[in-house]
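First comes the structure, then the notes that go with it.
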Ligand SMILES: [Zn+2]
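Residue numbers (our numbering): 249 to 313.
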């Protein structure tokens, strides 16, 4: 399909507003600091933390052991 410039402006509900940067993680989703690397995302030896994949945070379900 091609040739419909007016339709390109349509965006779904996810439309970021200028000047309003929301973090990817939403509160209540169970985002916690990774204990394995203490939120650094890396191990003391410099390797990437396998628990959080280097993000420093882990998503844990509420009520999960
Ligand atoms: Zn980690």
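C-beta atoms are modelled at their ideal positions from N, C-alpha and C, and glycine is treated no differently.
Three-state secondary structure assigned by DSSP to residue i
i           : result
residue 290 : strand
residue 279 : strand
Any non-hydrogen atom of ligand 1 within 7 angstroms of residue i CB
i           : result
residue 289 : yes
residue 267 : no
residue 304 : yes
residue 293 : no
Rounded straight-line distance, which links the Cα of residue j to that of residue i
i           : j           : result
residue 293 : residue 261 : 43 angstroms
residue 285 : residue 278 : 17 angstroms
residue 267 : residue 298 : 34 angstroms
residue 281 : residue 288 : 9 angstroms
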